[in-house]
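Line order of the protein sequences matches chains A and B. Sequential numbering from 17 applies to the first sequence in the numbering used here. Sequential numbering from 27 applies to the second sequence in the numbering used here.
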Amino acid sequence: MSDPRLEALLLRAEIEAFNADYAAALDEQRLSDWVEMFTEDAFYVILSKENHDRGMPVGLIYCENRGMIQDRAFALKKTAMFAPRYMRHMISNLQIVSVAGEEVRARANYITLQVLFDNPVATVHQVGIYLDVFRRVDGALKLAERRCVYDNLLVDNALCLPV
Amino acid sequence: MNVVPGPFSNSKYVWPAEGLTRIPDWVYTDPDIYALEVERIFHGRTWNYVALEAEVPNVGDFIRSNVGPTPVVVARGDDGAVHVFENRCVHRAAEFCRELSGTAKEFVCPYHQWTYDLQGNLQGVPFRRGVNGGGGMPADFKTANHGLTKLRVTTHRGVVFATYSEETEPFTDYLGADVLREFEATFDGRKLQVLGHYRHSLPGNWKLYHENLKDPYHATLLHTFLVTFGLMVAGNKSMMLSDPSGRHGVMGSAKSDAANVTDENKKEMRAYKEGMTLAEPRFMDFVPEFDSPWSVTMATIWPNLIVQREMNTLGIRQIVPTGPNEFIMKWTMFGFEGDDAEMTRHRLRQGNLMGPAGFLGLEDNEAIKFVQDGMIRVPGGEHLVALDPKVPTGTSDSLISEAAIRGMYRYWRQEMGL
Numbered sequence: 017m018s019d020p021r022l023e024a025l026l027l028r029a030e031i032e033a034f035n036a037d038y039a040a041a042l043d044e045q046r047l048s049d050w051v052e053m054f055t056e057d058a059f060y061v062i063l064s065k066e067n068h069d070r071g072m073p074v075g076l077i078y079c080e081n082r083g084m085i086q087d088r089a090f091a092l093k094k095t096a097m098f099a100p101r102y103m104r105h106m107i108s109n110l111q112i113v114s115v116a117g118e119e120v121r122a123r124a125n126y127i128t129l130q131v132l133f134d135n136p137v138a139t140v141h142q143v144g145i146y147l148d149v150f151r152r153v154d155g156a157l158k159l160a161e162r163r164c165v166y167d168n169l170l171v172d173n174a175l176c177l178p179v
Numbered sequence: 027m028n029v030v031p032g033p034f035s036n037s038k039y040v041w042p043a044e045g046l047t048r049i050p051d052w053v054y055t056d057p058d059i060y061a062l063e064v065e066r067i068f069h070g071r072t073w074n075y076v077a078l079e080a081e082v083p084n085v086g087d088f089i090r091s092n093v094g095p096t097p098v099v100v101a102r103g104d105d106g107a108v109h110v111f112e113n114r115c116v117h118r119a120a121e122f123c124r125e126l127s128g129t130a131k132e133f134v135c136p137y138h139q140w141t142y143d144l145q146g147n148l149q150g151v152p153f154r155r156g157v158n159g160g161g162g163m164p165a166d167f168k169t170a171n172h173g174l175t176k177l178r179v180t181t182h183r184g185v186v187f188a189t190y191s192e193e194t195e196p197f198t199d200y201l202g203a204d205v206l207r208e209f210e211a212t213f214d215g216r217k218l219q220v221l222g223h224y225r226h227s228l229p230g231n232w233k234l235y236h237e238n239l240k241d242p243y244h245a246t247l248l249h250t251f252l253v254t255f256g257l258m259v260a261g262n263k264s265m266m267l268s269d270p271s272g273r274h275g276v277m278g279s280a281k282s283d284a285a286n287v288t289d290e291n292k293k294e295m296r297a298y299k300e301g302m303t304l305a306e307p308r309f310m311d312f313v314p315e316f317d318s319p320w321s322v323t324m325a326t327i328w329p330n331l332i333v334q335r336e337m338n339t340l341g342i343r344q345i346v347p348t349g350p351n352e353f354i355m356k357w358t359m360f361g362f363e364g365d366d367a368e369m370t371r372h373r374l375r376q377g378n379l380m381g382p383a384g385f386l387g388l389e390d391n392e393a394i395k396f397v398q399d400g401m402i403r404v405p406g407g408e409h410l411v412a413l414d415p416k417v418p419t420g421t422s423d424s425l426i427s428e429a430a431i432r433g434m435y436r437y438w439r440q441e442m443g444l
């Protein structure tokens with residue numbers, strides 16, 4: 017089988033499944049599973065569109081490797097104080113940008129909805145785009161880079177859980 | 027300072043008989059108190075942070091900013107100086123400048139194209155003489171009399187402040203010698219380099235943010251992360267400085283080893299967890315770069331500025347109040363010209379501590395929300411700020427103290443006439 021259209025479809029399906037798993041891990045607050053979705057040398061940052069467009073590097077969360085992502089997961093589980101909440105991630109509009117060897121560049125829109133327990137309203141906590149680099153490690157796709165660029169510059173109080 | 031009596035004769039605003047060890051809820055929740063704060067504090071005899079000079083380095087560069095809730099434009103004028111004026115057209119009140127930042131030759135209100143120069147002077151009014159002999163502005167209309175409302179501006183070590191009042195003292199006097207020393211320890215003369223911004227809205231009264239940083243008591247109790255990794259522990263070398271007026275403060279601490287925590291202190295800090303380690307501990311490294319005994323200082327500069335020097339992650343936090351129950355915080359993170367790529371990355375990595383998603387920052391935001399929630403849902407109460415009775419107000423040697431909060435309210439009551 018070497019129909020490039022079929023290969024593209026398979027890759028697309030694989031990344032869509034990855035993003036669904038990613039969303040599920042965060043929605044269920046299985047943060048150690050979330051950590052495992054990154055390569056050892058992964059770069060993970062959540063930055064505003066304002067900073068991104070101006071080439072300014074400051075991010076709400078800024079991780080240069082999986083160790084830092086793991087520290088974030090650990091701190092949120094063991095040390096951080098914040099009101100309990102439910103988050104729901106919606107990931108869509110996947111675009112495969114390029115495929116080069118083991119690396120796939122892709123992008124997808126995301127929305128995270130937040131529910132606090134004493135309020136009936138689910139609020140849009142973040143709306144943005146994932147700018148991704150996937151890499152195949154032992155056959156499985158992992159994130160070598162995920163830049164979460166959010167449009168709603170004014171963050172609602174605190175960003176407690178990753179996006 | 028002159029104490030001007032407040033406009034309230036209403037018994038609604040009676041301070042508790044116990045004095046400064048109690049703070050009534052109306053201080054934080056009442057819309058009329060908030061309106062008076064805008065008039066007397068943000069529009070009064072105070073220097074309000076508006077920008078870093080590094081954000082407007084060249085003629086024509088501008089950013090949108092605020093003095094209290096009031097939107098202003100900060101622009102580098104043709105004269106090379108920084109100018110601050112209200113972002114409100116004198117014609118029909120339109121908030122004309124909508125870009126967060128940019129470079130302009132002049133400002134044009136999009137509604138009727140009234141134009142202003144970079145200093146905020148009215149330059150042009152379309153069809154001022156009318157058309158075909160009809161209409162137009164009155165013959166005696168002079169553009170010189172209709173400029174934008176301008177504020178007085180001062181800059182110190184690359185930091186720009188503005189005031190509505192002609193009476194505000196020179197900035198260095200305004201800070202006082204002790205707070206100025208700490209300010210200049212952070213802004214040490216190196217040229218600043220902006221690394222980016224955070225913006226977030228906090229559902230609490232703006233003063234709670236000052237109080238949080240005049241409350242060293244919370245640091246070891248709320249911030250498990252800090253304590254666990256020995257960044258700050260009870261018994262650390264530390265200070266909680268107040269200026270003589272009580273309005274400004276600087277919380278400082280020197281990094282120490284968690285291994286030195288006494289068993290007695292460990293017991294008091296439920297947060298302390300033996301043997302917790304980071305996978306990437308280097309992000310907590312402190313690279314000495316300041317002439318200061320403190321590895322961490324948090325300066326609260328009245329009324330709207332916090333200067334964060336958390337080891338090597340440096341930031342400005344600008345308070346923009348939007349009512350008694352909410353404010354916006356705008357952060358400007360910076361390093362210095364001459365930082366190499368690794369130093370910049372170190373500052374960014376360490377930035378994980380602070381900001382709306384910071385290991386510490388998110389906890390402060392949540393705590394402030396909880397406090398406001400408590401006052402809104404169980405109203406009519408008062409806060410108890412009685413720690414450290416030997417120091418009624420001002421600088422204390424102990425971290426288990428609320429003397430700096432009491433000092434701030436002594437000053438606030440005087441300014442508010444309450």
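Just so you know, even glycine gets a beta-carbon here, dropped at the ideal spot from N, CA and C.
Which term fits residue i, buried or exposed, when burial requires 16 or more other beta carbons within 10 angstroms of its beta carbon?
| i | result |
| --- | --- |
| Asp241/B | buried |
| Gln111/A | exposed |
| His409/B | buried |
| Met27/B | Here the model assigns Met27/B a pLDDT of 47, short of 50, so the residue's position is not dependable, and the following value carries that caveat. Label assigned to Met27/B: exposed. |
| Thr72/B | buried |
| Phe360/B | buried |
| Lys356/B | buried |
| Leu26/A | exposed |
| Met434/B | buried |
| Phe122/B | buried |
| Ser108/A | exposed |
| Phe251/B | buried |
| Phe385/B | buried |
| Gln344/B | buried |
| Leu413/B | buried |
| Ile327/B | buried |
In angstroms with no decimal places, state the Cα-to-Cα distance between residue i and residue j.
| i | j | result |
| --- | --- | --- |
| Gly14/B | Asp311/B | Nothing can be reported for residue 14/B, as the shown portion of chain B is limited to 27 through 444. |
| Thr96/B | His236/B | 20 Å |
| Thr189/B | Arg154/B | 32 Å |
| Gly75/A | Cys164/A | 9 Å |
| Leu175/A | Asn168/A | 12 Å |
| Leu129/A | Tyr102/A | 8 Å |
| Ala96/A | Ile67/B | 35 Å |
| Tyr5/B | Gly103/B | Because chain B spans 27 through 444 in this model, residue 5/B falls outside it and cannot be assessed. |
| Val61/A | Gly407/B | 42 Å |
| Arg121/A | Leu170/A | 28 Å |
| Leu177/A | Phe90/A | 12 Å |
| Leu374/B | Val253/B | 21 Å |
| Ala305/B | Gly341/B | 25 Å |
| Lys395/B | Lys131/B | 42 Å |
| Leu63/A | Thr303/B | 27 Å |
Counting only C-beta atoms, is residue i closer than 8 Å to chain B at any point?
| i | result |
| --- | --- |
| Thr95/A | yes |
| Asp57/A | no |
| Phe133/A | no |
| Leu159/A | no |
| Ala24/A | no |
| Gly83/A | yes |
| Val171/A | yes |
| Phe98/A | yes |
Measure from the C-beta of residue i to each C-beta in chain A and report whether the shortest distance is under 8 Å.
| i | result |
| --- | --- |
| Lys395/B | yes |
| Ile342/B | no |
| Arg375/B | yes |
| Val220/B | yes |
| Gly381/B | yes |
| Met27/B | Its pLDDT being 47, under 50, Met27/B is placed unreliably in this model, and the value from its coordinates should be taken loosely. So, not an interface residue. |
Using a Cβ-Cβ cutoff of less than 6 Å, which residues in the same chain neighbour residue i once the five nearest sequence positions on both sides are dropped?
| i | result |
| --- | --- |
| Arg335/B | Thr212, Thr323 |
| Val134/B | Thr141 |
| Gly117/A | none |
Kindly list the residues whose CB is nearer than 8 Å to the CB of residue i, restricted to its own chain and excluding five residues on each side of it in sequence; keep chain order.
| i | result |
| --- | --- |
| Asp269/B | Leu201, Gly202, Asp204, Val205, Gly275 |
| Pro57/B | Gly349, Pro350 |
Which residues in the same chain have their Cβ closer than 7 Å to the Cβ of residue i, if we skip the five residues on either side of it in sequence?
| i | result |
| --- | --- |
| Val82/B | Phe88, Ile89, Val100, Ala101, Arg102, Val108 |
| Arg162/A | Tyr60, Tyr146, Asp148 |
For this session: Run through the region 358 to 394 of chain B for me and flag every whole alpha helix (DSSP H) of 4 or more residues, listed as ranges in chain order.
Result: 367 to 376
For this session: Starting from the N-terminal side, write out each stretch of the beta strand (DSSP E) that is 3 residues or longer and does not extend beyond the region 129 to 162 of chain A.
Result: 138 to 153
For this session: Return the chain-ordered ranges of every beta strand (DSSP E) run that is complete within the region 219 to 286 of chain B and spans a minimum of 3 residues.
Result: 264 to 268, 275 to 279
Exercise. Which ranges would you report for the alpha helix (DSSP H) in the region 35 to 83 of chain B if only whole runs of at least 4 residues count?
Worked result: 52 to 55, 57 to 63
For this session: Please name the residues in the region 229 to 251 of chain B whose beta-carbon is closer than 7 Å to at least one beta-carbon of chain E, in chain order.
Result: The structure shown contains no chain E; its protein chains are A and B.
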